[in-house]
Structure formats: C-alpha cells, structure tokens
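Notes follow the structure.
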Amino acid sequence: MSLDAILTQLLMGLTVGVNLVLVATGLTLVFGMMGVINFAHSALFMLGAYAALMVSRHLGGFWLGLAVAPPVIALLGAAVERWLLRPLRERYPLSHLLPLLLTFGLSLFFEGSAKVLWGADIVSLDRPARLAGAVALGRITFPTYWLFALAAAAVLAAGVWLVVERTSLGLSIRAATQDPVMAAVLGVDTQRLNTVVFALGSGLAAAAGVILGAMTSLSPQMGAGIVLDAFIAIVIGGLGSFTGAIVGSLLLGQVQSFGVALLPAFHTPLVFLVMAVVLVLRPSGLFGAAERR
Amino acid sequence: MNRRRFITTTTAAGLGAALFPRAARGADPIKIGVLLPFSKAFAVLGENTFAGFMLGAKEAGPTIAGRSYTIIKEDDTADPSVGVSKVRKLIDRDEVDVIVGTIHSGVAAAIRNPIVDAKKLWLNPIATNDLLAEQGCSRYHFRFSNSAWQSAAPLGPWAKAKLGDRAYICVFNFAFGQQSAAHFKRAFTEAGGTVVGESFPPFNNTNYAPYFPAIKDAKPQFVFANFAGSDAVAFIKQYADFGLKGPIKVIGPSNLVSEDVLSAQGDAAIGVYSNSYYTPSYDIPKNRAFVKLCKDAGKEPDHFLCAGYDAAQALFGALRETKGDVENKERLIQIITDMRIDSPRGALRFDPKNHNPISDIHLRTVQAGPLRHVVIDVLKDVRHPDMGCVL
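First to last, the sequence lines map onto chains A and B. When you read off a place in the first sequence, starting at 1, and then add 612, the result is the number in the numbering used here. When you read off a place in the second sequence, starting at 1, and then add 762, the result is the number in the numbering used here.
This is the structure in structure tokens:
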C-alpha cells in the first residue's frame, strides 16, 4: 500500500467518521436520558435529506436546503418527543418496550409517507458547482465535496461538543444522561431537557442526511445502513456517553476504511469483531458507565 | 368446453368449420396470470414490465380470433416465498392457462418447479438466472431478457479489443454480481486480457471510496463494475468524485447505468460503457413506433417495457395462429420456438436448445445533453452457451 493510498484512506475514514458522529450523538444522548433506542432516527436522517431536496428544488439551492432542513427536522423531533414519547412514558413509566415500539412504528410511518410523497425512485440532491472537482492536498488529491463534508460535519460536531462540555445546558445534559432521577432531584428540568436533546439529535441526523445524501442518493430507505453503523459506534463507545459516540464513530470510520484496503474479503465481519473485542474487554463500552440501570 | 367444441365443429361441418373454428364463438376466456413485483424495492421495475405487456395486449385487441382473455395480476414483492404461494394461487385457484413473470432471479428459481410441474406455458420477461437456460431449463419456459451470462460474457472480448488488456473487477457481493464477474473474467482472459485485481463490496453499500486507492494502485485500463439501484448511483458518483473516471474507464451490464438510475447519477455517468438488448435511442422503424407508443401512454421506454411488450407479442401472436386455442400447449410451444419477433430491440428469436432469447446486444456509452445511451457497437445474435439443458 503506497503512502498516498494510506493518506487517502485516512481522510476517507475521517470524512465518514465525523458524519457518523452527527448521527450517533442523537442516538446516544436520547438513550442516556430516556433509556430509549430511537428506531425513528434513520427516518429523521432520511427526512432531513428530502427536506433539503424540496427546499433546493423549489426555493433555491443546496445551501438554503442545508440551512433549513436541520432546524425543521429538529422541530419535528421536538414534536415527537413532546406529544408522543412523553405522554407514553408518563402513562407507562416502567415500560422500556412501549417507547421502543413507538419509535419503530414512527420509522415505518415516516418511510411510508416519504414513499407516498416523493415516490420510491432514486433521486439525487444536486451539489453546488463550487464544490465540484478535486483539490490537491500535498501529495494527494481529494474531492472538494468530500473535504466540505468533512469540514462541515467537524464544525457541527465541535459546536455540539462545546455546548455539551462547556455550557450550563451541557452540564445539565451530562448530569441527566448519567442519572436522570438524581438530576431531576437536584433541580434540572429533565422534561424540557428531553425535548431539547431529542430536537438536537434529530437536527444533527438531518444535517448528516443532507451532507451524505448529496454524496450518494436519496431513497426512503437511505437511513438504514448509516444508523446501523452509528449504533455499532455507540455500543463501542459506550451507550449513553457523548465522548464515547465521538471516539466510537471516528474509530469505526477508520476500521471500515482500512478494513476494505487491508482485508478486502473480511472487512464486513471485521467491524463486528472490533465491537465484540471491545465488549469482552469492557462490557459497557469504552466510555460507558458500568451497570447504571 | 369439449362438448361445445364437438357441437360447433359437427354442426358447422366442412367449409364452415374451417372458416369459423370453435374458438371463435363463446369459448371460456383465456386466463393469463401475471406475476411481478408491484411493491417494495422492485415496484417500479414490475410496473414498467406490466405496462409494456399491456401495450402489447392493447395492440392485439380485446379478443384473439373471437376468444376473449382476462389478465390476473399478482404481486410477488420480489420475495421467493411470496412468489411460490402466489404462483400456486394462480395455478390452483384461478386455473390460468399462461403465466407471465417475473423479475427477481431468486423468485424465478422458486416458481420454476410449480409452473413446470403444472405444465403451464411460462413467459419470463426479465429474470436473468442462468439456471433457467442450463440444468433448470424447461420446454415450458421462454425468456425475453438476457441471461446473466449474456449480460456479462460478451463484454470480455469487446473490452479486450476496445478498452485494453488490464481489467479490474468490482461487483456487489451476491449471486448476480459473482456470476457476472466469473462470466466476464473467463471471457476476458480467454480473449487474452489480464484481470489485475478484484473487490466485492457488500450489497446496499453507500461508501465506495475505500475501494478506490487499491484500484488506482493496480493500474488497470478499465473497471468491470456490476451494481444496481442506489448502489449503482453511489458507485458511479464517487468513482467520478475521486477522479478515477477519466483515466480508468468503466464498463458493466445495463443495470449499472439503466434509465432508473441514470438521472440520479447525472454527469458522473457520462462516458460509462454498458450493454443491453434494448436501447431507447436505437434507430430502427419498429423502435421509433415503440417509443411513440410508450410516450403516448405516459411512459419512458426502457428494457423492462420492451421485454414486457415482446412477451405480449409472442403470446398473442401465437394465440392468433392457433385461432385462440390455448389448450394445445405443445402447439403453442412449437409456434413460439419457431417465431421471429419484430421487437423494438431488432429481430428476436428463441434458441431451440434452451428457449433463451437470441438477439443483438448493443454496446452503448452515456452521452450528455440530455443524458442518454448511444449505441456504438452491435454484437449480432448473441446466444447463451449450451450447458446441461435438456428440454
């Protein structure tokens, strides 16, 4: 393997990794605070891409789509938490199964609606002309759009990191993901926080949907693969941990990128092998708290 | 029915019987069962194939030699187990005379025995499974598309002559991908070419970039690629993103850049080579008429519509010749075997050894403004090799 190939492989893995961070953040924070694996996350990712498609086709341009879609999907996420998930959890506070079934049902509903609204055809989200072509980075050339995808996702992820690690809101979120009951006792409004976190996670998933959608194509089932990857990443990183989601996602991006290059016939099981090894050595993931619940 | 036939023929007698065969009057309608995927991933493909069949039926008219026909639609959802139960329903409950279907190769393999055991005439518009021209062939089965072999092997010698000696193979990792890779590899090496590397990304993959440095390092002159649907879009787009498309050409079966993915691929598909038995821009009178027929019905012509239309041409053409007699299976089989179909793709006939189609294969390249396939070469009368088929 040449040095150029190694550098290219590294950048590719990083591009996928930082976008995975955007998807994994919502999954892990929602799980940490509410104990719910959000099966509708893949649908929110997909709806983000379609929302950007609608905006860019009818109102103008990729940039407007990228700016509008995440807040719109964040509002949708907030509505789902406030008017569907919260009443259900208040009525059946002990059930972990019912919220899971609710999000699963929602994912089917959103995918079905997308098929009705936009059809099952494969469509493309056009990129701005400015991001066409490739740029030279020292020894290697890398597609401009991929570099943009890397930078945009990194800026978003860094912003979220600052909020979570450096603000009082972030302190409340971290406290609530560690122990929601204790946080509530100490005066954190966990109900409002649940809505905020669900909205934040949905918006980030939508942003990743727009960025990655323009790299591949749009279809109602487009979210399934990436959310599975994000789930693996947060299991490796530790369910409920934000730092774990970042480390797990970046690690997974590199494992996939170099797995293909070094062990072409074995790279699909390799991802699961890494997950199994981590779980054997640290059953609650790299950054997971041991046996919280 | 038999009694009616007896009465009709005996009372009419002599010249009358020759002019008005029994089917001309009031016999039961012919029952045609159509089994295609009308939902899930292959829904669009099923709808198009059916639309093509109905265009052919409309041309044939509502009755064949005075005998009417009914069409019973079933959705196999591109799932083999659903396909089997639906085909049993068509055979046992609806008692259809003919079965038209299907698209998914796995469904085609699964419904093969129920149809052949019931001795029903089976017109298969699309499913490419090689087995149906080999050990799994049957006298009751006729295919209207390419077999997997026909969609990959003819590219070997052509690519050796036109694209270069060094090829890299990159195909999705399931039966169709692997079969096509093996067929291409054998044909290409027999023609004197060298395969310098292979990779098999999983089905439903979205990120192909990690495969590209290895392709670059192997320094091939072109890549033989086989992907479909959203996989084909992601592969073609990212291949262009990483600047491989210029120096390393791409060639593959029709599905790599077929009409259902071409607009989503956009400019990234320009210059990609593919083969198909049908190209909408192919300039012959029959195809010009067919394109108009499709557009008048609000459809964009593609190879699914063409195959469905040809299945209807074969069926109704044969029924016209038997004056609507669908009960005499052997006669129908003989007629279709000997038939020369005037297809939008050019002349179409069936191989008497395995009932696989023999037709020209177009080699095309994608050109801009508007995006379309342009035929650059025609391989005459390509037939599936004889491999263990006993009809």
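A virtual CB, placed ideally from N, CA and C, is assigned to each residue, including glycine. Note that this is a predicted model, so its numbers are computed, not measured.
Per DSSP, T956 of chain B lies in no alpha helix (DSSP H) segment; the continuous beta strand (DSSP E) that holds it begins and ends at T956 to S961.
Around the beta-carbon of L1067 of chain B, 16 or more other beta-carbon atoms lie within 10 Å, marking it buried. Spatial neighbours of L700 of chain A in its own chain (CB-CB distance under 7 Å, excluding positions within 5 residues in sequence) are listed in chain order as L710, P711 and L714.
Taking a Cβ-Cβ cut-off of 7 Å, the neighbours of P964 of chain B in chain A comprise T880, given in sequence order. Among the residues of the stretch 995-1025 of chain B, those with a Cβ less than 8 Å away from any Cβ of chain A are V995, A996, K999, Q1000, D1003, F1004, G1005, D1022, V1023 and S1025, in the order of the chain. With respect to Y930 of chain B, V1019 of chain B sits apart: the two C-beta atoms are not nearer than 9 Å. In this structure the stretch 628-636 of chain A touches the stretch 761-771 of chain A; the number of beta carbon pairs closer than 8 Å is three or more. By the C-beta density criterion, L798 of chain B is buried, having at least 16 other C-beta atoms within 10 angstroms. Listed in chain order, the non-local C-beta contacts of A1002 of chain B below 6 Å within the same chain comprise A1030, local neighbours out to five positions each way being set aside.
Excluding its 5 nearest sequence neighbours in each direction, G849 of chain A has C-beta neighbours in its own chain below 6 Å: G856, A857, V859, G860, G897, L898 and F899, listed in chain order. Contact fails between the stretch 658-665 of chain A and the stretch 883-891 of chain A, because fewer than three Cβ pairs, one in each stretch, are under 8 Å apart.
Within the stretch 849-877 of chain A, those residues whose Cβ lies closer than 9 Å to any Cβ of chain B are, in chain order, Q868, S869, F870, G871, V872, A873, P876 and A877. One alpha carbon belongs to I846 of chain A, the other to A836 of chain A, and they sit about 16 Å apart.
Across the structure, S1043 of chain B and R1111 of chain B are spaced so that their CA atoms are roughly 22 Å apart. When secondary structure is reduced to three states using DSSP, F965 of chain B falls in the coil class, being assigned neither helix nor strand.
Listed along chain B, no residue sits closer than 7 Å to M658 of chain A by beta-carbon distance, the nearest being about 12 Å off.
Comparing alpha carbon positions, the residue from B:D859, B:N875 and B:A1080 closest to S900 of chain B is B:N875. Less than 9 Å divides the Cβ of P982 of chain B from the Cβ of G926 of chain B.
Linking A915 of chain B to K947 of chain B through their CA atoms gives a straight-line distance of about 8 Å. Using a Cβ distance threshold of 9 Å, Q1000 of chain B and A980 of chain B do not count as a contacting pair. Short of 6 Å from the beta carbon of P1114 of chain B, and not among the five residues preceding or following it, lie these beta carbons of its own chain, in chain order: T1099. Bridge partners of C932 of chain B according to DSSP: B:S961 and B:A987. For Q1075 of chain B, the closest Cβ of chain A is not nearer than 9 Å. Linking E693 of chain A to Y704 of chain A through their CA atoms gives a straight-line distance of about 15 Å. Taking CB atoms only, V635 of chain A has no neighbour in chain B less than 9 Å away. One thing to note: G845 of chain B has its Cβ within 9 Å of the Cβ of A872 of chain B. Against chain B, the beta carbon of A617 of chain A has neighbours under 8 Å at P975, A976, K978 and D979, listed in chain order. Within the stretch 839-927 of chain B, the complete beta strand (DSSP E) segments of 3 residues or longer fall at 860-862, 883-886 and 903-905, listed in chain order. Under the three-state reduction of DSSP, N1037 of chain B is assigned to strand. At a Cβ-Cβ threshold of 9 Å, P842 of chain B and V806 of chain B do not count as neighbours. With contacts defined by Cβ atoms closer than 9 Å, H708 of chain A and G647 of chain A form a contacting pair. The shortest CA-to-CA distance from R669 of chain A to any of A:V684, A:V735, A:S614 and A:S654 is the one to A:V735. Burial check for E836 of chain B: the Cβ neighbour count within 10 Å reaches 16 or more, so the residue is buried. Fully contained in the stretch 1059-1093 of chain B are the following alpha helix (DSSP H) runs of length 4 or more, in chain order: 1065-1083. A distance below 6 Å between beta-carbons, with the five flanking residues on each side excluded, links P832 of chain A to the following residues of its chain, in chain order: E723, A726 and K727. V1136 of chain B has B:T1127 as its beta-bridge partners, per DSSP.
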